[in-house]
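Q:
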Amino acid sequence: MLGTIYPTAVQKFVVEPNEFSQERPYIRRNIKATRDAFKLSTVDSKDFNFTQDLSPAVVEANLPTINNARLWDPGIIRSTYQTLQALQTYYQINDVDVDRYDINGQITQLMIAARELNSAGLPSSSWVNDHLVYTHGYGGTASPSNVAEADGSPKFVLSDVPAQGKNLPLSKKGAQIYFGESLDGFIITGAKNNEFNYARKGGVDAPTRYRGSDGIPLSNFVRRAAFALTLTDFNIMISGQLNSASKIHVRRDIKDRVKELAPFLDFDSDPYPVISNGRTTWIIDGYTTSDQYPNSQTYSGSGGLSGSYNYVRNSVKATVDAYTGKVKFFVIDSKDPIIQSYQKAFPKLFTAFDQMPTGLKDHLRYPEEIFKLQSDVFSKYHVNESRRFYTGNERWLLSPDPNSVFGIVPTSSRSSNSGRSPEISSTTKRQDPYYLYIRLPGDARESFLILQPFVPVSRDNQQTRLVSFMTAKSDTSDYGRLEAFVMPQGEQILGPVQVAANINKDTEISREITLLDQRGSQVISGNVQLIPVGTSIVYVQPIFTIASQGPNPFPQFQFVAVLVQGKAPVKAETVNAALVKLFGTFGTPEVPTTPSTPTTPSTPTTPSTPTDATISGLLAQATEKFNAANEALRAGDLGTYQQLVGEARDLIAQAQALLEQTSTVASRR
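See below:
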């Protein structure tokens, strides 16, 4: 009894009257330990000196950032890919990922997916077809995230079977997907008959035979009998299709494959394919975790980090060749003490990061699952002073997901709040972070990163203004660099939910959505993206429709809504066109006007002046260049766009120089 009474008495009569002073040393240790354990001690927090006075000059200086704003969401585009690019029932698009590739000389953010085998969709199911003939998927599909065709479909840069895509070429072997995200069961290669590769035009199948290193030889009856017993499939033992060259392939699911080799690691639930040097390689993030870090707070993650941890590191990048199934574990965080121990225990299992091929390094992504966990921790532990942490009034929350607040519903329901704040509960889904290819304030160039907005903690979660956003960079030179941009205190800066509310109640946009609803389509709102531009923010939300009736309906892009604080939202077919509505000819510098011809008679000794015709000709050429640049931008060719804008500026500079010469001559007269 004394063991129960004494602690209670101490808490009531000693701790509670002086709680903060009693707990201060423990709070201090908890803050430091938690920030260290979740790798938040190195977050570079900086003030974001927000201004809503976004000028055309700043917009133009940040065009590559703005033009890379996504029109497509991975979750929305998946069914579009499935309908347009699965092509056969025995293929499927399981998942769409975001990455960046060099397209026509410009780094471009892409949506990309592998075309995997769908065993459930085989034209005829039999043991031979299931295990010997239909053995692999083929190729993939990709499209720029910032471009849509006139009919609202993606603008593919990789498509079809056999694979078509000059910027993402695939070799014959590199196009074959023997190992993927949802390949269960076993297959046998090297049988007497060929495997099916793909269907040619005219109904003639293209055959293939597996020439890779994977597979266990079924070279004798004993081995065949052993596998027949293990897999409870006696066709392996009696089939006349098998011979001494036949090989059996198991564990074709890439997540199962890496987990079998390194069961002591946790693996991300979202592997993604990389096309490099003509081959398809899967990248899977591996984590080291612990729940025994002293004084650190315990948090729960999601996906591959769905357990409870108080320490986590993204220590490993696992790669799986989609053709050979070969697995490598590259150590990306060599300072992690847990991975150091595993390296000592299994020295042949791990490979130093500097040995990863450059073609794979160029496509590393800071994983969403660890970033979500770190963002959740940072929302509280961004405060590192004990008393402020104790009071708790500076805590943040991940921004609510606008689509969970407003729902995907017709306009009549979307605008029913009549301008009032939407109801947000503590269980409202939070906005997932999203990948962007942008230039952050203070940076010299664009980088591929992931971004998470925050809102303040408030009673009933009604405060949805933006207080900060955090980013994590993915490029090799800055991999894992965490930065937090903190908004000025006491200022109302729109958060994602407020942006969506303003877009929903805009008269023109609401009218357009009503018309789309009346045409037998359901309107789908894309993710609200926060794009920092200088010291301001451009908010972007794409709008899609999906047919309510008909076979295989899929989302089609309709328009993008763009909002800059202090201005009404506008809609357009592209972000660039929306900004023209907001700022006028921001992409085209003002053409200087040609002064009238001086009336003072010239004398033989007065220097000759440039003619108006010369200046007008230069300006006419510049106008043509700008028009061509805008056409290239609409076509998604950012490289040509930037080249033509540069040429147009040179022409205007020449015209300006001639004008200055004219002014100088006139002043001498």
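Residue numbers (the UniProt record's numbering): 1 to 669.
Glycine included, C-beta positions come from ideal geometry on N, C-alpha and C.
Computed from a prediction, not measured in an experiment: that's the story for all the values here.
Report, in whole angstroms, the separation of the C-beta atoms of T503 and L563, which I expect to be a contact under 8 angstroms.
A: Residue identity check: residue 503 is Ile in the sequence provided, not Thr. Right, their Cβ atoms sit about 6 angstroms apart.
Q: Near N30, what residues of its chain come up, given a Cβ to Cβ distance below 6 angstroms and the 5 sequence neighbours on each side ignored?
A: Result list for N30: N295, in chain order.
Q: Determine the closest residue to P195 out of G185, R209, D95, K201, with distance taken between C-alpha atoms.
A: Sequence check: residue 195 is Glu here, not Pro. Closest by alpha carbon: R209.
Q: So what does DSSP say about V58, is it helix, strand or coil?
A: V58 falls in the helix class under three-state DSSP.
Q: Since L168 contacts S143 with CB under 8 angstroms, what's their CB separation in whole angstroms?
A: Not confirmed; about 11 angstroms, so no contact.
Q: Thinking C-alpha only, which one of Q343, V383, I283 is nearest K361?
A: When only C-alpha atoms are compared, the closest one is I283.
Q: V147: which of G190, G140, K155 sits nearest, CA to CA?
A: V147 has its Cα closest to that of K155, out of G190, G140, K155.
Q: Straight-line CA distance for H136 to G152?
A: Cα to Cα, the separation comes out at about 31 angstroms.
Q: Less than 8 angstroms between C-beta atoms, sequence neighbours within five positions excluded: which residues of the same chain meet that for I424?
A: The predicted position of I424 is uncertain, since its pLDDT is 48 and thus under 50; no value can be drawn from it.
Q: E508 lies in the alpha helix (DSSP H); which residues open and close that run?
A: Where E508 is concerned, the enclosing alpha helix (DSSP H) stretches over 507-518.
Q: Roughly how many whole angstroms lie between the Cα atoms of T545 and R78?
A: If I take the Cα positions, the gap works out to 14 angstroms.
Q: Could you check where the alpha helix (DSSP H) with A345 kicks off and where it finishes?
A: First-last of the alpha helix (DSSP H) with A345: 337-345.
Q: G480 to Y366, Cα distance in whole Å?
A: If I take the Cα positions, the gap works out to 6 angstroms.
Q: Which runs of the beta strand (DSSP E) spanning at least 3 residues fall entirely within the region 418-495, listed in chain order?
A: Correct list: 434-438, 447-456, 468-473, 482-486.
Q: With the cut-off set at 8 angstroms, would you say R257 and F330 are in Cβ contact?
A: No. Outside cutoff.
Q: State the beta-bridge partners of R279 as determined by DSSP.
A: R279 pairs with S276.
Q: What does the alpha-carbon distance come out to for the pair G419 and A501?
A: Bear in mind that a pLDDT of 37 at G419, under 50, signals an unreliable position, so the model cannot answer this.
Q: Note the first and the last residue of the continuous alpha helix (DSSP H) segment covering residue 674.
A: Residue 674 is absent from the structure shown; the chain starts at 1 and stops at 669.
Q: Can you give the Cα-Cα distance for Q549 and Q522, rounded to whole angstroms?
A: Using only the alpha carbons, I get a separation of about 10 angstroms.
Q: Taking C-alpha atoms, which residue in D95, Q643, T280, V533 lies nearest to A113?
A: Selected option, being the one with the closest Cα: D95.
Q: In terms of residues, what are the limits of the alpha helix (DSSP H) holding D260?
A: Note that residue 260 corresponds to Glu in the displayed sequence, not to Asp. Looking at the DSSP string, the run of the alpha helix (DSSP H) that includes E260 is 254-261.
Q: What do you get for G617, buried or exposed, if any count of 16 or more other CB atoms within 10 angstroms of its CB means buried?
A: It counts as exposed.
Q: Based on the DSSP output, what are the partners of G140 in its beta bridges?
A: Its beta-bridge partners are A114.
Q: Looking only at its chain, what residues have a beta carbon closer than 7 angstroms to the beta carbon of R251, apart from the 5 residues adjacent to it on each side?
A: Answer for R251: R257, E260, listed in chain order.
Q: Of all the options R28, P273, A225, V157, which has the alpha carbon lying nearest to the alpha carbon of V98?
A: Measuring from the Cα of V98, the nearest candidate turns out to be P273.
Q: If you draw a straight line from the alpha carbon of Q164 to that of L158, how long is it in whole angstroms?
A: Roughly 6 angstroms between the two C-alpha positions.
Q: Taking the straight line between their C-alpha atoms, what separation do you get for I493 and L398?
A: Near 15 angstroms, if we compare the C-alpha coordinates of L398 and I493.
Q: Determine the extent of the alpha helix (DSSP H) in which V222 is found, giving its start and end residues.
A: V222 -> alpha helix (DSSP H) spans 221-230.
Q: Please look up how many angstroms separate the CB atoms of N129 and Y91, rounded, as I've assumed it's under 8 angstroms.
A: N129 to Y91, Cβ: 15 angstroms. No contact.
Q: Nearest-angstrom Cα distance between L515 and A69?
A: Taking the straight line from one Cα to the other gives about 26 angstroms.
Q: Which same chain residues end up closer than 7 angstroms to R24 when comparing Cβ atoms and leaving out the 5 residues on each side of it in sequence?
A: So the qualifying residues of the chain are S386.
Q: Among A620, L582, K567, F554, whose alpha-carbon lies nearest the alpha-carbon of W72?
A: Closest option to W72, Cα to Cα, is F554.
Q: Quick check: what's the CA-CA separation for A628 versus A577?
A: Straight-line Cα distance between these residues: approximately 15 angstroms.
Q: Please determine, among R395, R200, L183, S145, the residue with the shortest C-alpha to C-alpha distance to T529.
A: The identity of residue 529 in the sequence shown is Gln, whereas the question assumes Thr. Selected option, being the one with the closest Cα: S145.
Q: Which word fits T507, buried or exposed, when buried means at least 16 other C-beta atoms lie within 10 angstroms of its C-beta?
A: The residue is exposed, with fewer than 16 neighbouring Cβ atoms inside 10 Å.
Q: Count the other C-beta atoms from every protein chain shown that fall within 10 angstroms of the C-beta of T42, then say buried if there are 16 or more, exposed otherwise.
A: Burial call: exposed.
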